[in-house]
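To convert, count from 1 in the sequence shown and add 416; that's the working numbering. One structure is given here, and the rest of the page talks about it.
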Amino acid sequence: MANTYSQSYMHLIFAVRNRNALILDSWASDLEKYITGIVQAEGHKLIAIGTAHDHIHIFIGYNLNNPIPKLVEQIKTSSNKWIKDKKLCPFHFSWQNGYACFTHSHSQIDRVAKYVLNQREHHIKKSFKDEYLSILKKNDIKFEENYLFDFFEE
Numbered sequence: 417m418a419n420t421y422s423q424s425y426m427h428l429i430f431a432v433r434n435r436n437a438l439i440l441d442s443w444a445s446d447l448e449k450y451i452t453g454i455v456q457a458e459g460h461k462l463i464a465i466g467t468a469h470d471h472i473h474i475f476i477g478y479n480l481n482n483p484i485p486k487l488v489e490q491i492k493t494s495s496n497k498w499i500k501d502k503k504l505c506p507f508h509f510s511w512q513n514g515y516a517c518f519t520h521s522h523s524q525i526d527r528v529a530k531y532v533l534n535q536r537e538h539h540i541k542k543s544f545k546d547e548y549l550s551i552l553k554k555n556d557i558k559f560e561e562n563y564l565f566d567f568f569e570e
């Protein structure tokens, strides 16, 4: 539609099933490149992507014509298949059900991008569970423990 403008930034987070640390350093960068291709093919702008061994953060300029659930499903199914086809993981790899999605303003782009790009270093100091619960609370998101990612004692 003519004269329609939008600007939205979304921060996606999802975890490996059972929070297994299956994303290895040897292929994490290739996974990030592969997922970047999916994000761009779906019409979004990748701003930053960062993997930890058991989860991933993806920060995008969001194309409102492509719903987030569709994008997440595409990323999860395609990357699962890619990991299996390339035989990158000696164990059964899959993503957990569900995901988190948070909006950010234009003024937060640099801060969020730096945060996403430094996931491995960040989690030396703070566990994924602590971080995730903190983000939910900071964004005033009501949640039920039963429906969170599977968190196992560190």
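Yeah, the Cβ is synthetic: ideal placement off N, Cα and C, and Gly gets one too.
N-terminal and C-terminal residue of the alpha helix (DSSP H) that glycine 453 is part of: 441 to 457
Going along the chain, which residues of its own chain have a beta-carbon closer than 7 Å to the beta-carbon of tyrosine 450, five neighbours each way excluded? Ser495 and Trp498
Tell me whether lysine 486 is buried or exposed, calling it buried when 16 or more other Cβ atoms sit within 10 Å of its Cβ. exposed
Buried or exposed: where does lysine 492 fall if 16 or more other Cβ atoms within 10 Å of its Cβ makes it buried? buried
For the candidate residues Gly453, Met426, His471 and Lys502, whose alpha-carbon lies nearest to that of asparagine 434? Closest option to asparagine 434, Cα to Cα, is His471.
Look up phenylalanine 518 in the DSSP assignment and give the residues it is bridged to. DSSP lists His427 as partners of phenylalanine 518.
Flag this pair as touching only if the region 452 to 469 and the region 499 to 512 have three or more C-beta atom pairs under 8 Å; answer yes or no. no
Histidine 427 burial status per 10 Å Cβ neighbour count (16 or more: buried): buried
I need the boundaries of the beta strand (DSSP E) containing histidine 460, first residue and last residue. Here histidine 460 belongs to no beta strand (DSSP E), and DSSP marks it neither H nor E.
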